[in-house]
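Worksheet: the structure to be examined is printed underneath.
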Amino acid sequence: AQSVTQLGSHVSVSEGALVLLRCNYSSSVPPYLFWYVQYPNQGLQLLLKYTSAATLVKGINGFEAEFKKSETSFHLTKPSAHMSDAAEYFCAVRDDTGGFKTIFGAGTRLFVKA
Amino acid sequence: NAGVMQNPRHLVRRRGQEARLRCSPMKGHSHVYWYRQLPEEGLKFMVYLQKENIIDESGMPKERFSAEFPKEGPSILRIQQVVRGDSAAYFCASSGQTNEKLFFGSGTQLSVL
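Protein sequences appear in the order of chains A and B.
Each residue of the first sequence is one higher than the one before, starting from 291 at the first, in the working numbering.
Each residue of the second sequence is one higher than the one before, starting from 14 at the first, in the working numbering.
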């Protein structure tokens, strides 16, 4: 079965600094991978998705993620953090081997310091 | 607003009562997923439904929890005889035929006193 592991439950960066949120996946088949963002008291919103078309995926709000099969990773990056990026970020994989449900990581809370 | 609608936003129940959480998917979506979110634990999959069918309920507790998605009307997640451990945020998501991108509702915060 597919799974995802997010390294670091909390990440803190200064405004303007690089954002790097780590995600490793486990999948027996080519995966569909996603990053979602959750702002306080809201549901999740899709940031970007990987569906095997290109290894570097660009999403909304300046975020991007690179699929690296050799490392089974799908890390999320943004060159310059903004205060409005403070939120919780979830990496997810779609489980195509058992019912097409989406499996989420435990989440990484991003803090942005002024 | 044609997004995923969940109600109520907040639900307070005493131990032993029943909780009913409602989810109306996006227009045109026939796939509904329920997730539970506990602090510091991320989202845990509960159940995946299509109209009138439960496709995958591998994340549902064996007792007290049930879900339905009738031909007409919203999807319902029902928790009988609630206990304090049921307190959590419950999110509903829907998707179209591709089963790819999920659209989430704003969630129902269940508090059990």
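In this text, a Cβ means the ideal position worked out from N, Cα and C, and glycines have one as well.
Task: Closer than 8 Å to chain B by CB, F357(A) - done: no
query: For E53(B) and chain A, any beta-carbon pair shorter than 8 Å?
result: yes
*asked:* The beta strand (DSSP E) that contains I393(A), what's its start and end?
replied: 392-394
task: Report the option in K391(A), A343(A), N314(A), F401(A) whose CA atom is closest to the CA atom of I67(B).
output: K391(A)
Please name the residues in the segment 79-98 of chain B whose beta-carbon is closer than 7 Å to at least one beta-carbon of chain E, in chain order. Going by chain labels, chain E is absent from the structure shown, which instead holds the protein chains A and B.
Worksheet item: What does DSSP give as the partner residues of K358(A) in its beta bridges?
Response: S363(A)
Check your understanding: Are R26(B) and V125(B) touching if we call contact CB-CB under 8 Å?
Key -> For R26(B) and V125(B), yes; Cβs fall inside 8 Å.
Checklist entry - With DSSP run on the structure shown, which of helix, strand or coil describes D69(B)? => result strand
If I follow the unbroken beta strand (DSSP E) through M20(B), where does it start and stop? With the sequence shown as reference, residue 20(B) is identified as Asn, and Met is not the correct amino acid for it. 18-20 is the extent of the beta strand (DSSP E) around N20(B).
* To do: List the DSSP bridge partners of Q11(B).
  => In the structure as shown, chain B starts at 14 and stops at 126, and residue 11(B) therefore has no counterpart that could be examined.
- Query: In chain B, which residues lie less than 7 Å from T295(A) when you measure between Cβ atoms?
  - Reply: Within chain B, no residue comes near T295(A); the closest Cβ sits about 11 Å away, beyond 7 Å.
For a quick check, are the C-beta atoms of F364(A) and F380(A) less than 8 Å apart? For the 8 Å CB-CB criterion, F364(A) and F380(A) do not form a contact.
- prompt: Quick check: the segment 30-49 of chain B against the segment 98-112 of chain B, are there 3 or more CB pairs under 8 Å?
  reply: yes
Exercise. At a CB-CB cut-off below 8 Å, which residues of chain A make contact with E113(B)?
Worked result: Y322, K339, T341, R384
Tell me whether N351(A) sits in a helix, a strand or coil according to DSSP, three-state version.
helix
Just the C-alpha distance for V309(A) and S370(A), rounded to the nearest angstrom, thanks. 7 Å
Whether L62(B) touches F78(B) by CB criterion (8 Å)
no
field: beta strand (DSSP E) segment containing L297(A), residue limits
entry: 293-297
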